[in-house]
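Shown next, in structure tokens, is the structure this report addresses.
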Amino acid sequence: MKRPLVFLASLLLAGAAPAAEPDAARQRELVRLVRQDCGSCHGMQLTGGLGMPLTAAALKDRPFEGLVATVVYGRPGTAMPPWRSIVSEPEAEWIVRQLMNGFPEEPR
Amino acid sequence: MKRTLAVLSLLLAAGCAQTSLREEPRGTGDLGIVIERADGRVAVVDTTARAVLGRIDGLGDLSHASAVFSRDGRYAYVFGRDGGLTKVDILLRRIDRRVMQAGNSIGGSISQDGRIVVAQNYEPGGIKVFDAATLELLSEVPTQSKVVGLADLSGNRFAYALFDKGEIWVTDLSDPRRPRTQKFPAGRQPYDGLVTPDGRHYMAGLFGEDGIALLDTWKPEQGARKILENYGKGQEKLPVFKMPHLRGWAVAGNQAYLPAIGRHEVLVVDKASWKESGRIKVKGQPVFVMARPDGRQIWVNFAFPDNGWVQVIDTLKGEVVQTLQPGKAILHMEFTPRGEHVWLSARDDHTVSIYDTRSFERVATLPAQSPSGIFFTSRAARMGF
Numbered sequence: 001m002k003r004p005l006v007f008l009a010s011l012l013l014a015g016a017a018p019a020a021e022p023d024a025a026r027q028r029e030l031v032r033l034v035r036q037d038c039g040s041c042h043g044m045q046l047t048g049g050l051g052m053p054l055t056a057a058a059l060k061d062r063p064f065e066g067l068v069a070t071v072v073y074g075r076p077g078t079a080m081p082p083w084r085s086i087v088s089e090p091e092a093e094w095i096v097r098q099l100m101n102g103f104p105e106e107p108r
Numbered sequence: 109m110k111r112t113l114a115v116l117s118l119l120l121a122a123g124c125a126q127t128s129l130r131e132e133p134r135g136t137g138d139l140g141i142v143i144e145r146a147d148g149r150v151a152v153v154d155t156t157a158r159a160v161l162g163r164i165d166g167l168g169d170l171s172h173a174s175a176v177f178s179r180d181g182r183y184a185y186v187f188g189r190d191g192g193l194t195k196v197d198i199l200l201r202r203i204d205r206r207v208m209q210a211g212n213s214i215g216g217s218i219s220q221d222g223r224i225v226v227a228q229n230y231e232p233g234g235i236k237v238f239d240a241a242t243l244e245l246l247s248e249v250p251t252q253s254k255v256v257g258l259a260d261l262s263g264n265r266f267a268y269a270l271f272d273k274g275e276i277w278v279t280d281l282s283d284p285r286r287p288r289t290q291k292f293p294a295g296r297q298p299y300d301g302l303v304t305p306d307g308r309h310y311m312a313g314l315f316g317e318d319g320i321a322l323l324d325t326w327k328p329e330q331g332a333r334k335i336l337e338n339y340g341k342g343q344e345k346l347p348v349f350k351m352p353h354l355r356g357w358a359v360a361g362n363q364a365y366l367p368a369i370g371r372h373e374v375l376v377v378d379k380a381s382w383k384e385s386g387r388i389k390v391k392g393q394p395v396f397v398m399a400r401p402d403g404r405q406i407w408v409n410f411a412f413p414d415n416g417w418v419q420v421i422d423t424l425k426g427e428v429v430q431t432l433q434p435g436k437a438i439l440h441m442e443f444t445p446r447g448e449h450v451w452l453s454a455r456d457d458h459t460v461s462i463y464d465t466r467s468f469e470r471v472a473t474l475p476a477q478s479p480s481g482i483f484f485t486s487r488a489a490r491m492g493f
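Here the protein sequences come in this chain order: A and B. The opening position of the first sequence corresponds to residue 1 in the numbering used here, with each subsequent residue numbered one higher. The opening position of the second sequence corresponds to residue 109 in the numbering used here, with each subsequent residue numbered one higher.
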């Protein structure tokens with residue numbers, strides 16, 4: 001019971017912290033980054049490739065923090081690289097939140 | 109006088125209309141396709157006119173698309189990420205046939221005799237064998253692993269590597285409905301493979317360890333062995349934001365050039381001894397390391413975030429002689445059949461740039477939506493393409 005509560009709280013906290021949200025221009029860059037550059041391993045539609053699918057359905061039971069940590073630090077011993085030189089931790093949280101909600105399309 | 113002129117111009121106009129309806133027959137040797145990955149579309153291009161001739165829609169998710177050509181150079185077989193296999197008629201500029209053959213695919217090859225097309229799949233993992241004329245499914249080889257680095261060998265055999273199993277498999281499709289497969293241990297996490305132009309040596313680059321697995325397909329009984337072992341010397345790897353591609357064999361004289369993994373270097377291998385003979389420092393993690401057809405130059409592009417750069421290595425000097433910035437997110441390069449020009453796709457600039465490989469001048473820029481792979485029909489005649 002404690003774990004899901006903490007998890008929920010962190011979700012709420014993350015959701016309730018607009019100060020940490022990347023601004024609109026940066027959000028557009030991040031959407032492009034995920035679609036194009038994460039897409040080279042996870043697919044542009046995020047339906048999987050060398051890396052597993054990152055669709056909302058695929059991530060639904062995954063712990064939020066774990067996924068954020070994976071984006072920031074990568075997974076040593078696998079092809080998932082650390083992105084901390086490219087995205088900040090709040091940006092990684094924003095990306096994971098979008099992934100879990102169904103990732104936005106790039107504006108055309 | 110005025111009347112005759114008017115009649116004459118009418119006649120001329122009629123003549124023009126006629127020829128534009130009935131195009132002259134033409135060859136395809138100077139044609140190719142450019143993948144417009146975000147739109148599920150390919151552009152048909154002409155390397156003589158340096159122009160886009162037309163576009164073909166409806167090819168599905170092309171986020172990691174590649175293409176091979178029929179031996180007459182008329183059809184391109186395009187393998188899409190969503191498992192779509194589309195046979196495109198580049199002369200009539202339309203889809204000839206299309207099948208959905210897997211959930212998640214990564215590429216394919218065409219046999220020596222041009223009669224069968226083979227797709228390599230991630231999900232479900234394995235290869236599938238199709239009749240090149242009809243795209244009828246003839247057989248399949250399940251692998252329980254993602255398949256990478258599929259390459260055609262002589263005798264309608266195909267070599268490929270298994271990312272999750274660390275093996276190289278060679279499947280004989282001389283009877284395409286009855287595949288016969290040999291398996292060889294290779295090393296941890298092979299990420300791509302290539303075959304030498306003579307079809308003899310198959311190499312699989314390893315992600316999970318320093319080194320490359322090498323199989324002599326003329327002497328398969330010897331099994332695969334490892335070369336360039338420990339080229340990283342135990343040093344920590346730099347992050348690899350995109351996997352290198354080993355398509356195409358960059359070879360000049362007795363040296364072969366290969367991308368290092370997790371190091372900003374191109375590795376040089378002596379083809380006689382298969383030992384490292386040098387390494388060349390470059391701007392980033394190499395993705396494509398491609399030789400100009402004459403072998404005098406090696407062109408290298410890079411993984412994110414260095415993907416705005418392209419470097420050129422002079423193989424006589426053994427060093428980088430040019431550093432170019434052809435545009436944002438350079439995803440692919442393709443040489444014209446004899447190498448006087450190279451075409452480069454700049455995904456984020458929505459352009460394809462054409463460079464003269466002698467002067468390094470940009471000779472033309474063509475518009476294309478999020479271009480990725482560029483494939484010219486000259487591939488039809490090359491083993492391993």
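Beta carbons: idealized from backbone N, C-alpha and C, even for Gly. Predicted model, so just to flag it, every value in this text is computed and none were measured.
Handout entry: N212/B, enclosing beta strand (DSSP E) - first and last residue
Key = 212–218
Handout entry: Buried or exposed (CB count within 10 angstroms, at least 16 for buried), R371/B
Key = buried
Practice task
Indicate whether V302/B and L354/B have their beta-carbon atoms separated by less than 9 angstroms.
Solution key: It is Leu, not Val, that sits at residue 302/B in the sequence shown. For L302/B and L354/B, yes; Cβs fall inside 9 angstroms.
Exercise for the section: Leaving out five residues on either side along the sequence, give the residues of the same chain with a beta carbon under 7 angstroms from the beta carbon of P475/B. Expected result: H458, T459
Problem - Chain-ordered neighbours of D37/A on chain B, where CB pairs are closer than 8 angstroms - result: F349, K350, F412
Problem - Cutoff 9 angstroms: S174/B Cβ touching any chain A Cβ - result: no
Handout entry: Exposure of V87/A, with buried meaning 16 or more beta-carbon neighbours within 10 Å
Key = buried
Practice task
Return the first residue and the last residue of the alpha helix (DSSP H) that P90/A is part of.
Solution key: 89–101
Practice task
Measure the alpha-carbon distance for L243/B versus Q405/B and round it to whole angstroms.
Solution key: 38 angstroms
Handout entry: Beta-carbon proximity of A92/A to V71/A, cut-off 9 angstroms
Key = yes
Practice task
Count the C-beta pairs between the region 331–348 of chain B and the region 358–373 of chain B that are closer than 8 angstroms, then say yes if the count reaches three, no if not.
Solution key: yes
Practice task
Would you decide whether E329/B is buried or exposed? Buried here means 16 or more other CB atoms lie within 10 Å of its CB.
Solution key: exposed
Handout entry: Supposed close pair E317/B, P293/B - CB separation, criterion 8 angstroms
Key = Not really, about 13 angstroms apart at Cβ, beyond 8 angstroms.
Problem - Residues within the region 208–232 of chain B neighbouring chain A, beta-carbon criterion of under 9 angstroms - result: G211, N212, I214, Y230, E231
Handout entry: Cβ distance (whole Å) where D378/B is taken to contact G447/B below 8 angstroms
Key = About 24 angstroms separates the two Cβ atoms, so there is no contact after all.
Practice task
Would you be able to state if there are at least three C-beta pairs under 8 angstroms between the region 25–35 of chain A and the region 188–208 of chain B?
Solution key: no
Practice task
Pull up the distance between the alpha-carbon of K327/B and that of A227/B, whole angstroms please.
Solution key: 25 angstroms
Exercise for the section: Would you list the one or two residues that DSSP bridges to Q267/B? Expected result: Reading the sequence as shown, one finds Ala at residue 267/B and not Gln. Answer by DSSP bridge pairing, in chain order: A259/B, V278/B.
Handout entry: N-terminal and C-terminal residue of the beta strand (DSSP E) that L67/A is part of
Key = Under the DSSP assignment, L67/A falls outside any beta strand (DSSP E), being part of the alpha helix (DSSP H) whose first and last residues are 64–73.
Problem - 9 angstroms Cβ cutoff met for H440/B and Y463/B - result: Result no, Cβ atoms of H440/B and Y463/B do not sit closer than 9 angstroms.
Problem - Cβ contact check for the region 471–486 of chain B and the region 235–255 of chain B: 3 or more pairs under 8 angstroms - result: no
Handout entry: Three-state secondary structure (DSSP) of P328/B
Key = helix
Exercise for the section: Would you mind stating whether R149/B and L161/B have Cβ atoms separated by less than 9 angstroms? Expected result: no
Handout entry: CB contact below 9 angstroms: K391/B versus chain A
Key = With 9 angstroms as the cut-off, K391/B does not count as an interface residue toward chain A.
Practice task
Measure the CB-CB distance between Q36/A and A437/B and report whether it falls below 9 angstroms.
Solution key: yes
Practice task
Can you say whether D546/B is buried or exposed, counting buried as having 16 or more other CB atoms within 10 angstroms of its CB?
Solution key: Because chain B is modelled from 109 through 493, residue 546/B falls outside the range shown and cannot be assessed.
Practice task
Return no unless some Cβ of chain A is closer than 9 angstroms to the Cβ of F443/B.
Solution key: no
Practice task
Please classify K383/B: is it buried, with 16 or more other beta-carbons within 10 angstroms of its beta-carbon, or exposed?
Solution key: exposed
Problem - T423/B to P298/B span [Cα, whole Å] - result: 27 angstroms
Handout entry: Secondary structure of R206/B, DSSP reduced to three states
Key = strand
Handout entry: DSSP beta-bridge partners of G435/B
Key = DSSP lists no partner for G435/B.
Problem - Option nearest E132/B by Cα separation, candidates A488/B, L200/B, T431/B, V152/B - result: If we check each option's Cα against that of E132/B, L200/B comes out closest.
Practice task
Determine the direct distance from the alpha carbon of S467/B to that of T47/A, and round the result to whole angstroms.
Solution key: 43 angstroms
Exercise for the section: Starting from the beta carbon of F315/B, find every residue of chain A whose beta carbon is closer than 8 angstroms, and list them in chain order. Expected result: A79
Handout entry: Inter-residue spacing [alpha-carbon to alpha-carbon] between Y183/B and F483/B
Key = 12 angstroms
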